[in-house]
Every structure is written in structure tokens, then in C-alpha cells.
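Novice: Residue 92 in the working numbering is what sits at position 92 of the sequence shown, and the numbering runs on without skipping anything. Below is the structure I would like to discuss, written out as C-alpha cells.
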Amino acid sequence: MWWLLFILVLLLLAFEVPRARLRYVLSQAFPLPYSKILRKNLPEYSKMPTDLQMQLKRRIRQFLFQKTFVGCGGLIITDEIKVTIAGRACMLLLNRSSEVYPKLTHILVYPSAFVAPRTQMLNGGVVTHTNQGLSGESWSDGRVILAWDQIIHHPANIGHGQDVVMHEFAHQLDSESGSTNGAPLLPDAEAYRRWSQVMEVEYTKLLHAREHHHATVIDPYGATNPAEFFAVTTEAFFKKSTELAVHHPALYEQLRSYYQVEPRDWS
């Protein structure tokens, strides 16, 4: 009996201690240097209403408490790196009751684009091995990999409305449904039906635009597969909200319903 009681106490402590520590962290004032980083590196932050700013700061504190940052390729992890990445990732969680990326444990950050090995099966069963330069990757084993210079300095962030952090963390949301297939976790079958209906039409339009080299608000890379389509439309929703709403109103409304924010108000 005593050993059973001992095990129960250990289990209770293992469950309650992290929750108590999190409550303590969330009760502390948001550090002023962190706010300065947000104003510097998240243009949307200063234009958000106060309630969204408060939500974002609370999510960031939880993100920083629960996730581990690892510097790769000689990069030293700083508060600027952590707060900037956490801020952009947590913008996808505002006004929603979801957890803070519950399956994610580590964020690996390289100073610049990193090389990842790739294996491809060609016709006739020939297997090729190549190296591919990447600015970000989302893994299903609890890791996101990012290139810092693609986050903070890359001209595509401004010129084309791209955001590698939002892109990779959209993949994390996508995977919460159990499969990274372009359909994140939704409340019921009717929500999935509406999602599929809108996304299929818009995905087909993007395939046609890419095939005929037509200019589009949505990054043509989204035509790769439905998972990439969800990731690039997430970027467009937050970074090119007005253009997306004008040219793809049904898609915009679907994403607005999912993300529960109106980025046109602070774009």
C-alpha cells in the first residue's frame, strides 16, 4: 500500500509542479525589453488593440516557458531571436482556445538557410540523394527548424508578404488533426465540409494560375500540395490581408473563421 501511495504522490507532483510553475510565470509582468522587441520585429503588434496585445504577450510567455530553443551552425540564441519567433508563432493562436503547440518541444535556429538531405524515387526504381537549401521546416516529432536571416532580414518578408515562422507553424497547426494534409483541427464534420469545399476551389485556381504563369496574391508554392496551400494562405491572411480579401473573399472568410482575428484592422 505504501508504495502505491508513493507512486500516486510522484504522479501528482509530476503533473502539478509544471502547472504551478506555469501559473507563476504567467503571473509575472511582461519584460519591457520583450515589448521593445515586439514593436521592432512585429509590425502588427503596435497596431493591435490592447486586448490582443495582452493575449499575445501571455501566449509568448507560455511559449518561452514550454519550448526549448537550440542554436545551430554557431548561432547564439538571444532574447530577440526567442521573442521574435514566439511572437510570430503565437499570432496564429489569438482569440482561440487551442493549446500553445502542445506537440512542439524544440525550435532549432540556424543563422542562415540550412541544408537538408533529400531522397527521391525516380522512374524505374532509381533512388537519388540530394541536398536542399531551406529556410524552414516543420517536423512531426516536435521540432521546427528556422533560418534566422530569413526571419529578420529577408526582403521577401516585406515585398511578397512571406513569413517563414507563420508558414512553419501553420504546418504545426495542420498536424494537430493527426495528419498534415491542409486541414487543421476543426470543431465538427460540417466545419470540415465547408473547409474542404472552399479550399478545393481555391487550390484548383492556384494550380491553374501557376500552370499559366498568372500573377496571384497567393504564393505559387502553395500549389505543391494542400498542406503547403494552407501554410502559404496563412501567410497571405496575416501579411497581405486586404489583397487576399479582395481577390479571394471566400478563402479569406474561411481563414478568418478559423483564426478568429481580423488582420485588416492592424495590417
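Every residue, glycine too, gets a C-beta built ideally from N, C-alpha and C. This structure is a prediction, so every number in the text was calculated from the model and none was measured.
Since Ile-60 is in the beta strand (DSSP E), which residue starts that stretch and which ends it?
Specialist: Residue 60 sits at position 60 when you count from the first residue of the sequence shown. Where Ile-60 is concerned, there is no enclosing beta strand (DSSP E), although the alpha helix (DSSP H) it sits in stretches over 50 to 66.
Novice: Can you name, in chain order, every residue of its own chain whose Cβ lies under 6 Å from the Cβ of Leu-38, other than the five neighbours on each side?
Specialist: Within the sequence shown, the letter at position 38 stands for residue 38. So the list reads Tyr-45, Gly-87, once near-sequence residues are dropped.
Novice: Let me know the secondary structure DSSP gives Asn-131 once reduced to three states.
Specialist: For the purposes of this step, residue 131 is identified with residue 131 of the sequence shown, where counting begins at 1. Residue confidence is low: Asn-131 scores 44 on pLDDT, short of 50, so the model does not pin down where it sits. Its coordinate-derived value is still stated next. The answer is strand: DSSP assigns Asn-131 an E or B state.
Novice: Taking the alpha-carbon of Asp-163 as reference, which of Gln-172, Leu-173, Asp-174, Gln-150 has the nearest alpha-carbon?
Specialist: Taking the first residue of the sequence shown as position 1, residue 163 is located at position 163. Ranking the options by Cα distance to Asp-163, first place goes to Gln-150.
Novice: Does the contact criterion of 3 or more C-beta pairs under 8 Å hold for the segment 69 to 84 versus the segment 220 to 234?
Specialist: As far as the Cβ criterion goes, the segment 69 to 84 does not touch the segment 220 to 234, which means the pair count is below three.
Novice: On a Cα-Cα basis, can you pick out the residue from Lys-103, Leu-104, Ile-60 that is closest to Ile-85?
Specialist: One-based indexing of the sequence shown puts residue 85 at position 85. The shortest C-alpha separation from Ile-85 is found at Ile-60.
Novice: Below 8 Å CB to CB, which residues in the same chain sit around Gln-254 once its five sequence neighbours on both sides are set aside?
Specialist: Numbered from 1 along the sequence shown, position 254 holds the residue referred to as residue 254. Taken in chain order, the residues that qualify are Arg-194, Trp-195, Val-198, Met-199.
Novice: Going by DSSP, what residue range makes up the beta strand (DSSP E) through His-106?
Specialist: If you number the sequence shown from 1, residue 106 lands on position 106. His-106 -> beta strand (DSSP E) spans 106 to 110.
Novice: Check this for me: beta carbons of Leu-92 and Ala-170, under 9 Å apart or not?
Specialist: By one-based count along the sequence shown, residue 92 stands at place 92. By one-based count along the sequence shown, residue 170 stands at place 170. The answer is yes: Cβ separation under 9 Å.
Novice: Suppose the cutoff is 8 Å on Cβ atoms and the five residues either side in sequence are ignored; what does the same chain contact list for Tyr-192 look like?
Specialist: For the purposes of this step, residue 192 is identified with residue 192 of the sequence shown, where counting begins at 1. So the list reads Ala-183, Leu-186, once near-sequence residues are dropped.
Novice: Ends of the alpha helix (DSSP H) at Ala-147?
Specialist: The count along the sequence shown starts at 1 and reaches residue 147 at position 147. From DSSP, Ala-147 is part of no alpha helix (DSSP H) but of the beta strand (DSSP E) over 143 to 147.
Novice: Thinking C-alpha only, which one of Ser-97, Asp-51, Asp-79 is nearest Pro-33?
Specialist: Taking the sequence shown and counting its residues from 1, the one referred to as residue 33 is at position 33. Of the candidates Ser-97, Asp-51, Asp-79, the one whose C-alpha sits nearest the C-alpha of Pro-33 is Asp-79.
Novice: Between the C-alpha atoms of Lys-205 and Lys-57, what's the straight-line distance to the nearest angstrom?
Specialist: Translated into the one-based positions of the sequence shown, residue 205 becomes position 205. Translated into the one-based positions of the sequence shown, residue 57 becomes position 57. Roughly 37 Å between the two C-alpha positions.
Novice: Relative to the C-alpha of Glu-99, which candidate in Glu-211, Phe-63, Gln-28, Tyr-221 has its C-alpha closest?
Specialist: Taking the first residue of the sequence shown as 1, we reach residue 99 at position 99. Answer by Cα proximity: Phe-63.
Novice: How far does the alpha helix (DSSP H) with Glu-168 in it reach, from first residue to last?
Specialist: Translated into the one-based positions of the sequence shown, residue 168 becomes position 168. It spans 164 to 175 - the alpha helix (DSSP H) in which Glu-168 sits, taken as one unbroken run.
Novice: According to DSSP, simplified to helix, strand and coil, what is Val-217?
Specialist: Residue 217 sits at position 217 when you count from the first residue of the sequence shown. Val-217: coil per DSSP, three-state reduction.
Novice: Given a threshold of 16 other Cβ atoms within 10 Å of its Cβ, counted over all protein chains shown, does Gly-178 qualify as buried or as exposed?
Specialist: Within the sequence shown, the letter at position 178 stands for residue 178. Under this definition Gly-178 is an exposed residue.
Novice: Helix or strand or just coil, what does DSSP make of Val-100?
Specialist: To locate residue 100, count along the sequence shown from 1; it is residue 100. In the structure shown, Val-100 sits in coil (DSSP, three-state: anything other than H, G, I, E or B).
Novice: Is Glu-137 helix, strand or coil by DSSP?
Specialist: Your numbering for residue 137 matches position 137 in the sequence shown. The answer is strand: DSSP assigns Glu-137 an E or B state.
Novice: Quick check on His-129: buried or exposed, where buried means 16 or more other Cβ atoms within 10 Å of its Cβ?
Specialist: Taking the sequence shown and counting its residues from 1, one reaches residue 129 at position 129. The predicted model places His-129 with a pLDDT of 39, which falls under 50 and marks its position as unreliable, so this point remains unresolved.
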